[in-house]
Each structure stands twice: as structure tokens, then as C-alpha cells.
Amino acid sequence: MASLFRSAEMTLCQLFLQSEAAYACVSELGELGLVQFRDLNPDVNVFQRKFVNEVRRCDEMERKLRYLEKEIKKDGIPMLDTGENPEAPQPREMIDLEATFEKLENELREVNQNAEALKRNFLELTELKQILRKTQVFFDEMADPSREEEQVTLLGEEGLRAGGQALKLG
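Below, the structure written as C-alpha cells:
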């Protein structure tokens, strides 16, 4: 009887695969979820391993997917989650996926930059609109003949004669 803290019995096996079939075999074994892989070359540097470039490409694609997911969640767009892991893509499909992810990431970054520029322009134009409204109120008050004493204190008598003509024209 197995204890609660121990796994089921395992058998250590060593597989020798042709390099052309290695990807398909390892992906099938990984999808079954019944295999645990052990590193037989722990002393080899990470950068000296045979498939380091493929792992880097996968890491980069994962980063792009995380970015897309974060942006989708930020905008509150619902996503379909089936709860199952998709099958590992074939190496020739990886190139297409990589190009698609790159394109989507670039488009999304461009959309975000455009949205930020639009927000900045909107705020600047709103500020200018408020300034124009305040100056219009000021000039409307200055053109009102019943407020002549305020105009005298603001512009002086000579400014009132000269400026009063300008206000009537303006």
C-alpha cells in the first residue's frame, strides 16, 4: 500500500531516439503526462545544450502570449478557457505561430501608443477649450457697459477709451 506522501512506483528507462523523431516522441510522452524526464547531463552549461535555441524561441512566444493575455484582461474582453492543454505544435507550425504572435504583439503595441496619443490630444484640446471659454466670459464681461467702473480699474481711463473700441470691434 502506498503512503500519502509517496508517488506510485516508477521505472527508470533510457530512450534512444533519432533526432528527426525526437520532437514528436517527446511531445507525445509529455502530453500523456505519465513520464518524468531526468537530466543526464547536469554538468553541461545551459548555453551548450543542443536545443537551447528552440527553448529560447518558445520562451519568447510564451512572453508574447502573456503580454496579449494581460492586455485582453485589462480591457475586460472575455476569453474562452477550455481547461485542456492543446497539443504541441509541429516544428513547421511553430514558424507560423511565431510570426502570428509577432504580428499581434506589434499591432497591439501600436494600438496602445495611438490610444495614449489620442488621450494626450484630448486632454490638451479640453484644456484649450476651457481657456477659450474663460476668456470669452472675461471679454463678455468687459464689453458690458454696466460694468464701466470695473473696466476703469482694470484698464485705466485711457485704456478704456482705446480698449473699449477694441472690445466693441472684437
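Going by my numbering, the first residue of the sequence shown is number 22, and it counts up by one from there. All residues carry an ideal CB built from backbone N, CA and C; glycine is no exception. All values reported here derive from a predicted model rather than from experimental measurement.
Between the Cα of residue i and those of the options, spot the shortest distance and give me the residue it belongs to.
i	options	result
residue 82	116, 63, 41 and 60	116
residue 129	93, 153 and 70	93
residue 30	55, 38 and 60	55
residue 99	107, 43 and 89	89
residue 107	163, 52, 71 and 101	52
residue 33	58, 159, 78 and 80	58
residue 95	165, 43, 75 and 133	133
residue 41	76, 72 and 147	72
residue 91	43, 126 and 139	126
residue 120	66, 79, 103 and 138	79
residue 60	159, 164 and 35	35
residue 75	64, 146 and 44	44
Mind checking residue i: buried by the 16 CB within 10 Å criterion, or exposed?
i	result
residue 155	exposed
residue 85	buried
residue 66	exposed
Which whole runs of the alpha helix (DSSP H) in the region 99-175 are 4 residues long or more, in chain order? Complete alpha helix (DSSP H) runs here, min 4: 112-164.
Whether or not the region 43-57 and the region 106-124 are in contact is what I'm after, with contact meaning three or more pairs of Cβ atoms, one per stretch, closer than 8 Å; do they touch? Counting Cβ pairs under 8 Å, three or more are found: they touch.
Curious, which full-length alpha helix (DSSP H) runs of at least 4 residues does the region 51-100 contain? As far as the region 51-100 is concerned, its whole alpha helix (DSSP H) runs of at least 4 residues are 73-95.
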